[in-house]
Amino acid sequence: MSFKEALDTANEVVTVLSSVEDEESLDRLSNEFDEIHKQRSLQQEDVKATIQGLTKLLAEKEEEERLAKIDENSGGVESLQEEKKTTLQHIEKLEVDVKVFEKNITEKEEEINELKKKATEVESKNEEVLPQAKYNFSLYSNVSHIRWDYECEDDLVKGFVANLSDVKPFCLRKSEKSNYDIANYLWELMED
């Protein structure tokens, strides 16, 4: 096997094995998973801070109540009761916020599970489709004897047709010829 044939074979394998759509899909799934994980961590930290704040607030209020019992005769009972009412309302609001955060965490976990399931499906589809695509590519290459130049400009169709007695290079501009004309030209090269 010559160096050029080895290089052509390597180029063909790279072309078959690289699928931009699958990479993009997996990259997107990975990015979404990372974002969900970050959001979940932030929400857990918020819930933890809220619980710590509630605990501290409860301890303060218990201390205030203890002091209020000692100071009941001083007339500050009404203001303490108003403060207690305000604090209880604040605690209720924080409890509602905690429930919302817990719901968000549950939803994000469900999204993560769904994304994992989709990633598994994509991987299994790749495992099913890739061997068949490799086989088809190999079959078409061996039957047609066409070797493509994958490193040419996007507007070019370039390569060569090799048979036992001759090598016929070709280079066609897509902007100058239709797909039909290009296909006919390649058939003519293979028949000569």
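Numbering-wise (my numbering), the sequence shown opens with residue -5 and increments by one.
Backbone N, C-alpha and C define an ideal beta-carbon position, used for all residues, glycine too.
All figures in this text were calculated on a predicted structure; none of them were measured in a lab.
| request: Name the residue from V123, V161 and L124 whose alpha carbon lies nearest to the alpha carbon of I140. | output: V161
| Do T80 and K55 have their C-beta atoms closer together than 8 Å? | no
| request: Counting only the same chain and skipping the five closest in sequence on each side, list residues whose C-beta sits under 6 Å from that of V155. | output: H139, I140, K162, L183 and M184
| request: Would you kindly report the start and end of the unbroken beta strand (DSSP E) that includes L158? | output: Here L158 belongs to no beta strand (DSSP E), and DSSP marks it neither H nor E.
| field | Alpha carbon of E159 to alpha carbon of S24, nearest angstrom | value | It is worth fixing the name first, because residue 159 is Ser in this sequence and not Glu. Going by the C-alpha atoms only, they are around 51 Å apart.
| Residue from E96, R60, L61 and D28 with nearest C-alpha to E39 | E96
| Own chain, CB closer than 7 Å to R167, minus 5 neighbours either side, in chain order | The answer, listed in chain order, is D149 and L150.
| said: Can you give me the C-alpha to C-alpha distance between W181 and E(-1), rounded to a whole angstrom? | reply: Taking the straight line from one Cα to the other gives about 22 Å.
| Among I85, S35, K152 and K78, the one whose alpha carbon lies nearest that of Q46 | I85
| message | Taking 6 Å as the limit between beta carbons, can you name the residues of its chain near C146, skipping five residues before and five after? | response | K152
| message | Per DSSP, what are the beta-bridge partners of F164 in this structure? | response | G153
| C-alpha gap between L61 and K112, whole angstroms | Distance between L61 and K112, taken at the CA atoms: about 59 Å.
| request: Pick out whichever of K87, I99 and L52 has its Cα sitting closest to the Cα of L36. | output: With distances taken between Cα atoms, L36 lies closest to I99.
| query | Rounded to the nearest angstrom, how far is the Cβ of L88 from that of L48, given a contact under 8 Å? | reply | Confirmed, about 6 Å.
| In terms of residues, what are the limits of the alpha helix (DSSP H) holding E195? | This structure cannot speak to residue 195, because the chain is shown only from -5 to 186.
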